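Let me begin by presenting the structure, written as structure tokens, before commenting on it.
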Amino acid sequence: MFSVSLARGLVTAGRSTLSLVAAVAGVAALVLLGGTSGVDAADAASVASTQHVLVKPVDSAGNPADGYTVRKIDDFKNTKVDCYGYAKGVGHDVVSCYPTALYLHSCFPSRHHTVLCLRDARSTSLVRAKYSEIKRQGTAHGRPVVDLDLAAKKGVQTCSIRFGGAWGQLPTHPNWVGFYSCERGSVYGPPDGNGIDESGDPWTVKLWKSGTDHTVQTKDVAVAYTIAHA
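Under our numbering, the sequence shown is numbered contiguously, ending at residue 623.
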């Protein structure tokens, strides 16, 4: 269980830190609130400002941080993944591993030629996978947001970052691509972006309810989660 203290927008929880930071570069998990015309009453909510949470599930030695556990997955026993990341810069400590079907978007090198991966920024459960190699090149310019939570008047709608896969075409914006999969829709945006409008506070996203022709909703981002070493 986390012991959390608040101080000027910063939340920490021991070495398994959840840090609420006043500003964060990139994207990890977001809690979204907001609405536009045509939005269901249960989805109509807003937030004054976006909070930024930095999740630290693995220490610099490659061990689970306090409060985190490693879950064994039988499918990983005879599987080796290939991992890629940046050589330097903010966020270079996190690598992504493939194939995408395993959903290992945020991983850290660990012992015995393995990586520890956090699939959901809200969870304290890590998975371990063997890797063939880790390739690093280029400079990271920020940490990607990996999940979104869309807060509504009734409950919370969670969203997870897109990591491979085929997505439907948005009828009103055929050139847009999907960035996050949510419980009641998907976050879409121009292909040269990250799906989040960071120009103001709060951040906002465009949510499309799959199967509808024209219902694109603007949602406020209540909380944005990123992942880093403890």
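A virtual CB, placed ideally from N, CA and C, is assigned to each residue, including glycine. Values in this document were obtained by computation on a predicted structure and should not be read as measured data.
Beta-carbon gap between residue i and residue j smaller than 7 angstroms
i: V446; j: Y618; result: yes
i: G578; j: W596; result: no
i: A514; j: Y479; result: no
i: Q550; j: E576; result: yes
i: A623; j: K481; result: no
i: P502; j: G455; result: yes
Nearest-angstrom Cα separation, counted from residue j out to residue i
i: M394; j: P564; result: Per-residue confidence for M394 stands at a pLDDT of 32, beneath the threshold of 50, marking its modelled position as unreliable; the derived number appears in the next sentence. Taking the straight line joining both Cα atoms gives about 45 angstroms.
i: Y477; j: D606; result: 37 angstroms
i: V614; j: R504; result: 36 angstroms
i: V616; j: D542; result: 7 angstroms
i: H566; j: R512; result: 29 angstroms
i: I554; j: G460; result: 23 angstroms
i: S430; j: S439; result: Because the pLDDT at S430 is just 32, under 50, the model does not fix this residue reliably, and the value given afterwards should be weighed accordingly. Their backbone Cα atoms lie some 14 angstroms apart in a straight line.
i: L509; j: K473; result: 13 angstroms
i: D585; j: S574; result: 18 angstroms
i: V451; j: T507; result: 13 angstroms
i: S442; j: T611; result: 15 angstroms
One or two residues paired with residue i in a DSSP bridge
i: V451; result: P457, H622
i: V488; result: C500
i: R529; result: G478
i: D468; result: DSSP lists no partner for D468.
i: A559; result: DSSP lists no partner for A559.
i: S574; result: S553, S579
i: W601; result: S579, V609
i: T462; result: S518
i: D590; result: T597
i: V440; result: Partner(s): none; V440 has no beta bridge.
Whole-Å CB distance - residue i paired with residue j, under 8 angstroms assumed
i: R536; j: A458; result: Incorrect: roughly 16 angstroms between the Cβ atoms, too far for contact.
i: S388; j: T462; result: This structure gives no information on residue 388, because the portion of the chain shown stretches from 394 to 623.
i: V520; j: I466; result: 6 angstroms
i: Y581; j: G593; result: About 19 angstroms; that fails the 8 angstroms criterion.
Query raised in the report: Are three or more beta carbon pairs between the stretch 490–508 and the stretch 555–572 nearer than 8 angstroms?
Result: yes
Query raised in the report: Any chance the stretch 598–617 sits against the stretch 523–533, with 3 or more Cβ pairs inside 8 angstroms?
Result: Touching, no, given that fewer than three Cβ pairs across the two stretches are closer than 8 angstroms.
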